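> Next up is a structure, given as structure tokens.
Numbering (UniProt numbering), first residue to last: 1 to 92.
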């Protein structure tokens with residue numbers, strides 16, 4: 001979790017989760033939910049949340065801060081588009 005003050009970003013908190021493909025989305029969402037609830041209890045009330053389209057993170061943040069706007073990271077969006085356009089799954 002990062003904050004921006006006068007155009008400069010700085011870290012507020014980090015959550016490291018092991019992702020070996022063995023845990024379901026529900027477990028990840030639950031862990032992220034506990035993390036963001038702790039931040040809310042400490043007084044964090046963001047206007048917007050920047051994410052890389054991690055659905056567990058989006059669900060947890062929407063539940064915790066329903067008025068915050070969820071925004072996707074431009075770099076991750078561009079990468080997803082490029083990957084999709086270059087994949088064999090594209091139908092012409």
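We treat Cβ as the ideally placed atom computed from N, Cα and C, and that holds for glycine.
Owing to the predicted nature of the structure, the values given are computational and were not obtained by experimental measurement.
Determine, using beta carbons only, whether residue 67 and residue 29 come nearer to each other than 7 Å.
Cβ distance not < 7 Å, so residue 67 and residue 29 don't count as in contact.
> Short of 6 Å in beta carbon distance, which residues of its chain neighbour residue 55, apart from the five on each side in sequence? Order them along the chain.
For residue 55, where only same-chain residues beyond five positions count, there are no Cβ hits under 6 Å.
> Can you grab the Cα-Cα spacing for the pair residue 51 / residue 77, in whole Å?
Cα-Cα distance, rounded: 10 Å.
> Do residue 34 and residue 64 count as a contact pair if the criterion is CB distance below 7 Å?
No, the Cβ-Cβ distance between residue 64 and residue 34 is not below 7 Å.
> Per the DSSP calculation, residue 9 is bridged to which residue(s)?
Residue 9 is bridged to 4.
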